[in-house]
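Colleague: Residue numbering for the sequence shown follows my numbering, beginning at 4 and increasing consecutively. Handing you a structure now.
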Amino acid sequence: MDVKELQGMEPEELVGKVHELKQELFHLRCQHALGRIENPMKIRQVRKDVARAKTVLHEKRSSGQSEGEG
């Protein structure tokens, strides 16, 4: 997932995206535990996508608060 794509989303969309990615990560970990995963690197990619989405969400929320204070 591209950072520019995430930055174009609204905070509500980002929250949904984080939730969606966490569910995908859960399913990938279950498959990995059962030995059914085809590409173990997908776990790392999804985990990093979750971190990117959370970072962009935090940036949007903190910039929104600082604009409201001034």
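Here a beta-carbon is modelled for each residue, glycine too, at the ideal position from N, C-alpha and C.
1) Got a sec, what are the start and stop residues for the alpha helix (DSSP H) E41 sits in?
2) Is DSSP giving E27 helix, strand or coil here?
3) Which word fits D52, buried or exposed, when buried means at least 16 other C-beta atoms lie within 10 angstroms of its C-beta?
4) Helix, strand or coil: how does DSSP classify E13 here?
5) Could you pull out every residue in the same chain whose Cβ sits closer than 8 Å to the Cβ of M28, ignoring the five residues on either side in sequence?
Modeller: Straight from the coordinates:
1) Taking the sequence shown and counting its residues from 1, the one referred to as residue 41 is at position 38. Premise fails: E41 is in no alpha helix (DSSP H) and is neither H nor E.
2) If you number the sequence shown from 1, residue 27 lands on position 24. Here E27 sits in helix by DSSP.
3) On the sequence shown, residue 52 is found 49 positions in, with the first residue counted as 1. Looking at its Cβ environment, which holds 16 or more other Cβ atoms inside 10 Å, D52 is buried.
4) For the purposes of this step, residue 13 is taken as the residue at position 10 of the sequence shown. Note: E13 maps to coil in three-state DSSP.
5) Here the question's residue 28 lines up with position 25 in the sequence shown. Rather than Met, the amino acid found at residue 28 in this sequence is Leu. Closer than 8 Å at Cβ, skipping near neighbours: I46, V49, R50, V53.
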